[in-house]
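Numbering (the working numbering), first residue to last: 123 to 287.
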């Protein structure tokens with residue numbers, strides 16, 4: 123069974139003429155699930171993602187308005203396929219000790235996806251536990267490029283990749 127999940131966060135919209143890049147929207151329409159790590163900014167952005175088609179699972183971020191905070195949790199665990207589980211949170215805290223901290227916070231998960239820093243990241247522990255930050259499709263900050271992520275579940279394991287936009 124092959125499952126593909128789009129991973130994005132830190133969209134910070136609306137702001138001026140900012141919008142999701144065309145390649146991002148195309149990829150969002152081609153997956154089984156969309157995961158957003160928070161910092162939408164406004165509830166209309168969540169509605170825009172939901173209108174694309176695949177189900178959306180998301181958490182709120184630190185800049186999200188009250189409407190988003192009322193609708194979305196701070197963290198969530200989901201099991202998209204093959205008995206695997208992903209933890210989702212906006213801010214995974216400081217870099218030092220992050221992998222171990224996320225494993226402790228989400229002990230029943232095989233991976234944790236987070237945002238906040240806008241810096242794409244993928245780390246894997248010796249035992250296979252993974253953390254992944256997709257970056258931002260709209261605001262790169264210190265990252266070299268805007269980005270999002272894709273996760274596939276193949277033969278009982280998550281495979282993460284960054285998509286440069």
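From the three backbone atoms N, C-alpha and C, an ideal C-beta is built for every residue, glycine too.
How would you call residue i, buried or exposed, if buried means at least 16 neighbouring beta carbons within 10 angstroms?
| i | result |
| --- | --- |
| residue 230 | exposed |
| residue 184 | exposed |
| residue 177 | exposed |
| residue 268 | buried |
| residue 291 | This structure cannot settle anything about residue 291, because the visible part of the chain is limited to 123 through 287. |
Using DSSP with H/G/I as helix, E/B as strand and the rest coil, what is residue i?
| i | result |
| --- | --- |
| residue 159 | coil |
| residue 197 | strand |
| residue 241 | coil |
| residue 258 | coil |
| residue 189 | helix |
| residue 106 | The requested residue 106 does not occur in the structure, where the chain is confined to residues 123 to 287. |
| residue 166 | helix |
Could you tell me how far apart the beta carbons of residue i and residue j are, in whole angstroms, since I believe they sit closer than 8 Å?
| i | j | result |
| --- | --- | --- |
| residue 257 | residue 241 | 6 Å |
| residue 251 | residue 212 | Between residue 212 and residue 251 the Cβ distance is about 19 Å, and since that is not below 8 Å, they are no contact. |
| residue 206 | residue 271 | Residue 206 to residue 271, Cβ: 16 Å. No contact. |
| residue 154 | residue 127 | 7 Å |
By DSSP's criteria, residue i is part of a beta bridge. Which residues make up the other side?
| i | result |
| --- | --- |
| residue 208 | 200, 233 |
| residue 178 | 156 |
| residue 271 | 129, 284 |
| residue 246 | 252 |
| residue 135 | 163 |
Note to self: Is it the case that the region 258–266 contacts the region 216–224, given that we only count it when at least three CB pairs across the two stretches are under 8 Å?
What the structure shows: no
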